[in-house]
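Participant: Taking my numbering as reference, the numbering of the sequence shown is continuous, increasing by one, and the terminal residue is 272.
All residues carry an ideal CB built from backbone N, CA and C; glycine is no exception.
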Amino acid sequence: MSAHGPTTPVRGAPCWVSLMARDLEAAQEFYAAVLGWRFRPASLGEEFSVAIADGAPVAGIGALAQSFQVAVAWTSYFAVEDADDTAGRIRERGATVAVGPLKLGPGRAALAADRDGATFGFWEGQTLAWSVGQGSAPARLELRTRDAFEAAIFYAEIFDWASEKPGGCDVTYEHDQVIVHDGTHTVATLRGGGVEAAPDPRVRPRWHVHFPVHDIEKVTAVAVAAGGTVTPVTPTADGGGRQAVIRDPDGGLFTVTAPI
């Protein structure tokens with residue numbers, strides 16, 4: 013088995029990020045130009061591909077079925093042992109399971125939204141060797157929501173964060189953020205704030221995917237030239253870098269971060 017072959021992910025930890033695009037080929041061209049990704053076929057079928065950077069899997073891109081009237085968006089997936097049990101927990105807590113769980117390639121997947129409307133996915137089964145903040149994977153995943161503590165309780169209850177079960181994720185509170193650890197490093201952060209008052213409609217509860225880049229000015233310029241839109245470059249929340257939010261031509265939002 014290769015270093016990037018199938019593995020059993022940490023329960024409750026992010027295990028993949030995926031974009032569902034209107035046009036798979038056009039999306040591949042945009043992300044290849046902006047982030048330098050290459051693509052290979054995925055095991056899920058011809059309408060899916062895996063993005064590769066530095067020889068390692070980064071993310072997935074799939075083509076939206078014409079019958080799915082949903083917005084183009086990057087979605088963070090979390091590993092679960094039993095997709096049906098997770099779906100039941102979500103519904104019991106007043107949130108929504110929008111799609112699935114469905115058999116998808118070697119596993120089962122579902123899409124859901126938390127009580128504030130932030131969309132996320134969950135996956136039962138093996139995944140590619142991949143972890144936030146390591147190698148070519150996203151630098152971090154960040155939930156921006158109204159109440160980080162309330163959101164942390166919700167996700168802890170459905171993903172067994174900070175439970176007594178071995179092998180899951182722990183949660184700590186640092187610098188006004190909820191930090192999720194998989195036992196070795198940080199895999200997600202949850203930040204609160206008055207997002208409902210923001211004039212920008214894109215600033216609403218959502219999971220943000222941060223992709224690492226070296227030259228943020230070059231990346232944002234290429235994104236604009238390729239048909240995307242870009243917010244001004246700003247410091248990251250921890251002050252250790254700079255970031256910009258990019259909207260791809262289909263409307264998919266993601267963040268690029270670079271060290272200072």
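1) Does V111 pass the burial test, meaning 16 or more other C-beta atoms within 10 Å, or should it be called exposed?
2) Could you say if the stretch 147-166 and the stretch 182-193 meet the contact criterion of at least three C-beta pairs nearer than 8 Å?
3) Nearest CA to the CA of V245: which residue from A238, V268 and P261?
4) Could you pull the start and end residues of the alpha helix (DSSP H) that E176 belongs to?
5) Alpha carbon to alpha carbon, what distance is there between A168 and A256?
6) What runs of the beta strand (DSSP E), each 3 residues or longer, lie entirely inside the stretch 42-87?
7) Which residue wins for smallest C-alpha separation from D94, given the options E136, P178 and D66?
8) For A21 and A68, I'd like the C-alpha separation in whole angstroms.
9) In whole angstroms, what separates the C-alpha of V221 from that of T232?
10) By the 10 Å Cβ neighbour count, where 16 or more other Cβ atoms means buried, how is T108 classified, buried or exposed?
11) Just curious, the beta strand (DSSP E) that D96 is in, first and last residue?
12) Hey, how far is the Cα of P211 from the Cα of D262?
13) Tell me whether the stretch 112-127 and the stretch 34-47 touch, counting them as touching only if at least three CB pairs, one residue from each stretch, are closer than 8 Å.
14) Looking at the unbroken alpha helix (DSSP H) that takes in A233, where does it start and where does it end?
15) Within this structure, are the beta carbons of A33 and W49 separated by less than 7 Å?
16) Quick one: using the 10 Å Cβ neighbour count with 16 as the cut-off for buried, is G72 buried or exposed?
17) On a Cα-Cα basis, can you pick out the residue from T139, K177, G24 and T243 that is closest to I258?
18) What's the gap between the Cα of G205 and the Cα of R218?
19) Spatial neighbours of A238 within its chain, please: C-beta separation below 7 Å, excluding the five flanking residues on both sides.
20) Do you know how far the Cα of E162 is from the Cα of E104?
21) Check whether the Cβ atoms of I228 and A160 sit closer than 7 Å, and answer yes or no.
22) Cβ atoms of H197 and G147: under 7 Å apart, would you say?
23) Which residue or residues does DSSP assign as beta-bridge partners of P26?
24) Using DSSP's beta-bridge definition, name the partner residues of P224.
25) Pull the bridge partners of Q189 from the DSSP assignment, please.
26) Quick one, are the C-beta atoms of T87 and S175 less than 7 Å apart?
27) Measuring only the C-alpha atoms, how far is F171 from A141?
28) Cβ atoms of A85 and A25: under 7 Å apart, would you say?
Facilitator: According to the structure shown:
1) exposed
2) yes
3) V268
4) It is not in any alpha helix (DSSP H) - E176 carries neither H nor E in the DSSP assignment.
5) 29 Å
6) 50-54, 57-65 and 68-75
7) E136
8) With the sequence shown as reference, residue 21 is identified as Pro, and Ala is not the correct amino acid for it. Distance between the alpha carbons of P21 and A68 is about 16 Å.
9) 16 Å
10) exposed
11) Where D96 is concerned, there is no enclosing beta strand (DSSP E), although the alpha helix (DSSP H) it sits in stretches over A95 to E104.
12) Note that P211 scores 49 on pLDDT, short of 50, meaning its location in the model is unreliable; the coordinates nonetheless yield the value given after this. About 21 Å.
13) no
14) I228 to A237
15) no
16) buried
17) T243
18) 12 Å
19) F42, A45 and V46
20) 15 Å
21) no
22) no
23) F90
24) T269
25) E186 and R203
26) no
27) 20 Å
28) no
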